[in-house]
Amino acid sequence: MSTEEASARVVRALLDYRSIWTTHDLVEFSQVPTPAVRAILNTLEAETLIDRRRGGIVAVPDWPFLLSWWATTAPLAATNKTSYWQTTGTIRRLFGHIAATSTKHALSGVHAAGFSTASTPDLEPVIYTPDAQAAATAWALAPVETDEPASRRDRVVLIETTTDVVYLRRRGSSSGVRVAAPTQVLADLSQADATPEEEAAAKRLLAWMQAHELTWRY
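Quick note on numbering that gives the first Met the number 0: the sequence shown kicks off at 0 and runs consecutively.
1. Have a look at the DSSP bridge pairing and note the partners of aspartate 50.
2. Could you say which of Met0, Glu196, Leu93, Glu159 lies nearest to glycine 138 if we only look at CA atoms?
3. Does alanine 7 get closer than 8 Å to chain B when you measure Cβ to Cβ?
4. To the nearest angstrom, how far is the alpha carbon of aspartate 230 from that of leucine 66?
5. Leaving out five residues on either side along the sequence, give the residues of the same chain with a beta carbon under 6 Å from the beta carbon of valine 176.
6. Are the CB atoms of threonine 81 and valine 156 nearer to each other than 8 Å?
7. Of the choices Ile90, Ala58, Thr194, whose alpha-carbon is the least far from that of threonine 119?
8. Looking only at its own chain, which residues have a Cβ that is under 7 Å from the Cβ of arginine 11, when we skip the five neighbours before and after it?
9. Along the alpha helix (DSSP H) that carries valine 184, what are the first and last residues, could you check?
10. With which residues is valine 178 paired in a DSSP beta bridge?
11. Can you tell me which of the three DSSP states proline 195 falls into?
12. Report the rounded CA-to-CA distance for arginine 8 versus alanine 191, giving the unit in angstroms.
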């Protein structure tokens with residue numbers, strides 16, 4: 000297990016659940032080895048991202064602060080493989096097509112945020128999937144070069160990742176597409192190289208998450 004994946008598993012547990020933890024709990028839940036969990040918690044404590052209390056209890060006083068740190072300091076992006084594709088129909092039609100297949104996926108980016116914030120994205124969908132070529136075949140996508148002047152509305156970004164962290168706590172959507180957990184989506188939108196559109200979507204999603212915490216963090 001890579002350092003990035005170990006951090007992601009522990010941080011996602013701390014973010015996704017409105018709970019207090021012990022080191023033992025986090026080891027059991029995240030399936031990260033005990034020495035790695037202890038090292039991660041020591042780092043988080045040094046960054047004042049967690050509180051350690053009597054009895055070995057670990058709590059998160061400010062989850063947006065923790066999420067921002069994770070997104071910019073220890074992202075999963077370094078181990079991902081990104082490819083670009085073209086859809087011949089509308090994004091809505093593509094989502095319907097995806098929902099009708101059994102291909103594993105998790106929608107992220109501005110489109111995923113849009114399902115929570117009721118906004119209409121103008122950028123390409125970003126979709127995690129274990130095998131981009133297999134997904135592209137199942138979803139009738141054509142490959143494009145990254146520098147081709149294709150409309151970003153018609154382009155689709157597929158991301159292959161070696162970890163299943165991005166699929167944890169996926170949610171359903173009105174289109175039938177499976178959407179990555181809000182914490183994963185917000186982390187993806189908060190990367191250091193985020194575009195202005197992604198930054199705006201991140202702000203809207205953060206506001207929604209703060210106002211509706213009990214609907215996603217429980």
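Beta carbons: idealized from backbone N, C-alpha and C, even for Gly. All of these numbers come straight from a predicted model, not from anything done at the bench.
With the structure as the only source:
1. In the DSSP output, where bridge partners are listed per residue, aspartate 50 has Ala58.
2. Residue 138 is actually tryptophan in this sequence, not glycine. Of the listed residues, the one whose Cα sits closest to tryptophan 138 is Leu93.
3. The structure shown contains no chain B, having only a single protein chain.
4. The question about residue 230 has no answer here: the residues shown for the chain are numbered 0 through 217.
5. Phe94, Ile97, Ala98, Leu106
6. yes
7. Ile90
8. Val164, Leu167, Thr182
9. 181 to 188
10. Leu106, Arg170
11. helix
12. 21 Å
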